[in-house]
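**Q** First the structure, which I've put down as structure tokens, then a few questions once you've had a look.
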Amino acid sequence: MIYDDNLFRQAQDERSDQIFVLAPELVLETDWLNHQITARAGASIGRHVDLNAEDYEDYFLSLSPLIDVDENTTLSLDFGYSSTHSERGSTDTLLEGPEPAIDDILKFSANWVYQSDKYSARLLYEFSQDDALDNGLIERDFLDNSSQVLVFRQGYDFTTGTTGWIQPGLEWIDYRLSRDDSGLVRDNQGWTLLAGVTINRTAVSFLELGLGAMSRSFEQTGQDDFFGFAYVGRLLWNITPLVTLDISAGRSARVVQSTTGPIAVDDEVTLELAWDPLENLIFQAAVSFTRSDYETLPGQARTEDLVEANLNMRYLLNENMYLEANYDFGNLSSNLIGDDYESNLLSIRAGVEL
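Numbering (our numbering), first residue to last: 30 to 383.
So this is what it looks like as structure tokens:
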């Protein structure tokens with residue numbers, strides 16, 4: 030059960046509601062010696078006490094083979110399909126209809142990994158196709174797109190647990206319509222180049238730092254290309270056997286459902302803390318800050334600052350059952366009038382894992 034004090038993510042006239050959610054999931058795995066296939070199917074069904082038009086039924090299917098090519102090489106594949114609703118506030122207000130918007134998404138990925146004594150390599154390919162369904166009188170066909178990502182990472186172990194690496198990547202985003210309703214060409218492509226070091230002390234700490242550059246070019250005439258520095262960082266530290274700290278930061282380009290532009294460049298910092306005082310009791314806390322700069326035509330600047338926080342407690346009743354309490358806080362500040370909001374979510378969950 031979830032209590033949301035600002036369901037529509039509005040600056041004024043907030044509406045609260047209670048949502049009852051049922052989320053079944055089925056996981057099947059093979060127990061073969063060398064290879065493995067994992068099949069997943071699940072759903073999330075939400076029913077609102079007062080605002081019944083916000084009810085939703087999400088579901089997903091996936092099939093993930095893992096192939097041991099040889100003693101040094103693995104190939105993992107993933108085929109997935111999902112139908113999910115967009116959370117209120119995650120898209121432009123102009124695109125929000127009387128009911129939650131729905132996207133049907135088809136995904137495929139292939140991840141080839143090679144590891145020898147000193148040298149390592151990974152080649153990752155991802156494909157995604159998004160079908161944005163119309164919402165009432167709002168036509169969302171202009172958001173239909175397919176994206177492709179290709180990342181190649183090579184590393185060399187200078188000493189045990191210390192790896193230097195270089196990682197170039199490419200991304201292409203093609204929209205089904207050549208222009209949207211306002212005449213904007215949304216197709217774009219870009220590259221990212223990172224170089225860094227990873228220090229892995231196994232059960233004690235993990236540190237990764239990478240710096241480089243990223244670029245994005247747009248098919249729309251008059252829209253300036255983006256070029257800037259790129260970075261990635263993560264510190265995972267087991268402070269004590271019971272306390273773990275996880276800090277991450279990075280810059281990335283994200284496809285957005287917005288009338289002002291096709292992507293946003295995000296700078297994000299996240300801090301997470303986990304504490305296991307008992308074998309069957311887990312506390313987690315997290316806070317994150319994201320600065321989003323939308324890539325728009327000149328004179329249409331759009332920026333957002335999003336602060337999120339989370340508190341979670343899970344109590345394991347036995348090997349198969351658990352109780353969970355969760356609190357989520359969100360605060361969005363935008364340079365667009367009327368897009369600011371603050372939200373608080375409280376949830377209580379009971380789970381069974383067989």
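C-beta: ideal position from N, C-alpha, C; glycine also.
For Leu124, does the three-state DSSP call read helix, strand or coil?
**A** As a first step, residue 124 must be located in the sequence shown, where it is residue number 95. Three-state result, Leu124: helix.
**Q** Short check: CB of Pro291 to CB of Arg215, under 8 Å?
**A** For the purposes of this step, residue 291 is taken as the residue at position 262 of the sequence shown. For the purposes of this step, residue 215 is taken as the residue at position 186 of the sequence shown. In contact: Pro291 and Arg215 (Cβ atoms closer than 8 Å).
**Q** Express the C-alpha separation of Leu92 and Gly279 in angstroms, rounding to a whole number.
**A** By 1-based counting over the sequence shown, the position of residue 279 is 250. By 1-based counting over the sequence shown, the position of residue 92 is 63. Answer to the nearest angstrom: the Cα atoms are 29 Å apart.
**Q** Who does Val285 pair with in a DSSP beta bridge?
**A** On the sequence shown, residue 285 is found 256 positions in, with the first residue counted as 1. Beta-bridge pairing links Val285 to no other residue.
**Q** Indicate the three-state DSSP secondary structure (helix, strand or coil) for Leu172 in the structure shown.
**A** If you number the sequence shown from 1, residue 172 lands on position 143. Helix at Leu172.
**Q** In three-state terms, what does DSSP make of Glu248?
**A** Taking the sequence shown and counting its residues from 1, one reaches residue 248 at position 219. Glu248: coil per DSSP, three-state reduction.
**Q** Could you pull the start and end residues of the beta strand (DSSP E) that Trp266 belongs to?
**A** In the sequence shown, counting from the first residue as 1, residue 266 sits at position 237. Unbroken beta strand (DSSP E) run through Trp266: Phe255 to Thr269.
**Q** In whole angstroms, what is the alpha-carbon distance linking Leu240 and Ser376?
**A** Counted from its first residue, the sequence shown places residue 240 at position 211. Counted from its first residue, the sequence shown places residue 376 at position 347. Computed Cα separation, rounded: 39 Å.
**Q** Is there contact here, the region 302–317 with the region 259–267, by at least three beta-carbon pairs under 8 Å?
**A** In short, these stretches do not touch, since the Cβ pair count stays below three.
**Q** For the beta strand (DSSP E) that contains Val50, what are its first and last residues?
**A** Against the sequence shown, residue 50 aligns to sequence position 21. First-last of the beta strand (DSSP E) with Val50: Asp46 to Leu51.
**Q** Can you tell me where the beta strand (DSSP E) holding Asn373 begins and where it ends?
**A** Translated into positions along the sequence shown, residue 373 becomes position 344. That run of the beta strand (DSSP E) goes Tyr370 to Val381.
**Q** Based on the DSSP output, what are the partners of Thr191 in its beta bridges?
**A** Within the sequence shown, numbered from 1, the residue matching residue 191 stands at position 162. In DSSP, Thr191 forms a bridge with Thr188 and Ile228.
**Q** Taking DSSP as the reference, what is the three-state secondary structure of Asn81?
**A** The residue labelled residue 81 in the question sits at position 52 within the sequence shown. Here Asn81 sits in helix by DSSP.
**Q** On the DSSP letters alone, give me the boundaries of the beta strand (DSSP E) that Asp60 sits inside.
**A** Sequence index remark: in the sequence shown, residue 60 carries index 31 (1-based). Unbroken run through Asp60: none, as it is neither H nor E.
**Q** Identify whether Met342 lies in helix, strand or coil by the three-state DSSP scheme.
**A** Position 313 of the sequence shown holds residue 342. DSSP places Met342 in strand when its eight states are reduced to three.
**Q** Kindly give me the distance between the Cβ atoms of His217 and Ser246, rounded to whole angstroms, as I take these residues to be in contact under 8 Å.
**A** Translated into the one-based positions of the sequence shown, residue 217 becomes position 188. Translated into the one-based positions of the sequence shown, residue 246 becomes position 217. A quick correction: the sequence has Asn, not His, at residue 217. About 6 Å separates the two Cβ atoms, so the contact holds.
**Q** Just list the residues that DSSP pairs Glu200 with in beta bridges.
**A** For this step, residue 200 is matched to residue 171 along the sequence shown. According to DSSP, which records beta bridges pairwise, Glu200 is partnered with Val178 and Gly219.
**Q** Indicate the three-state DSSP secondary structure (helix, strand or coil) for Phe137 in the structure shown.
**A** As a first step, residue 137 is located in the sequence shown; it is residue number 108 there, counting from the start. Phe137 falls in the strand class under three-state DSSP.
**Q** Just the C-alpha distance for Arg230 and Phe187, rounded to the nearest angstrom, thanks.
**A** Taking the first residue of the sequence shown as 1, we reach residue 230 at position 201. Taking the first residue of the sequence shown as 1, we reach residue 187 at position 158. Roughly 14 Å separates the two Cα atoms.
**Q** Within a Cβ cutoff of 8 Å, which residues of the same chain sit near Asn101, ignoring the five residues on either side of it in sequence?
**A** Indexing the sequence shown from 1 puts residue 101 at position 72. Closer than 8 Å at the Cβ level, and outside the excluded window around Asn101, lie Tyr143, Gln144 and Ser145.
**Q** With H, G and I counted as helix, E and B as strand and the rest as coil, what does DSSP make of Asp296?
**A** Start at 1 with the first residue of the sequence shown, and residue 296 comes out as number 267. Asp296: strand per DSSP, three-state reduction.
**Q** Under the rule that 16 or more other beta-carbon atoms within 10 Å means buried, what is His64, buried or exposed?
**A** Your numbering for residue 64 matches position 35 in the sequence shown. With fewer than 16 other Cβ atoms within 10 Å, it is exposed.
**Q** What residue range does the beta strand (DSSP E) around Ala354 cover?
**A** Here the question's residue 354 lines up with position 325 in the sequence shown. Residues Met350 to Ser363.
**Q** Are any of the Cβ atoms in chain C nearer than 8 Å to that of Ser105?
**A** Among the protein chains of the structure shown there is no chain C, as only one such chain exists.
**Q** Given a threshold of 16 other Cβ atoms within 10 Å of its Cβ, counted over all protein chains shown, does Ser362 qualify as buried or as exposed?
**A** Along the sequence shown, one-based indexing puts residue 362 at 333. Exposed, since its Cβ has fewer than 16 Cβ neighbours within 10 Å.
**Q** State the DSSP-derived secondary structure class of Val214, mapped to helix, strand or coil.
**A** Along the sequence shown, read from residue 1 onward, the residue named residue 214 stands at position 185. Note: Val214 maps to coil in three-state DSSP.
**Q** Is it true that the CB of Leu222 sits closer than 8 Å to the CB of Pro197?
**A** Counted from its first residue, the sequence shown places residue 197 at position 168. Counted from its first residue, the sequence shown places residue 222 at position 193. Yes, the pair counts as a contact, with Cβ atoms nearer than the cut-off.
**Q** On the three-state DSSP scale, how would you describe Gly328?
**A** Start at 1 with the first residue of the sequence shown, and residue 328 comes out as number 299. Three-state DSSP puts Gly328 in coil, outside helix and strand.
**Q** From Val284 to Ala293, what does the alpha carbon distance come to, in whole angstroms?
**A** Counting from 1 along the sequence shown, the entry for residue 284 is found at position 255. Counting from 1 along the sequence shown, the entry for residue 293 is found at position 264. Spanning the two alpha carbons is a distance of roughly 7 Å.
**Q** Taking 8 Å as the threshold, find out whether the region 343–352 comes into contact with the region 316–328 through three or more Cβ pairs.
**A** The region 343–352 vs the region 316–328: no contact.
**Q** In the DSSP assignment, what residue or residues form a beta bridge with Met243?
**A** Residue mapping note: residue 243 aligns to position 214 of the sequence shown, counting from 1. Beta-bridge pairing links Met243 to Thr221 and Gly257.
**Q** What three-state label does DSSP hand Gln41 in the structure shown?
**A** Along the sequence shown, read from residue 1 onward, the residue named residue 41 stands at position 12. If DSSP states are grouped into helix, strand and coil, Gln41 belongs with coil.
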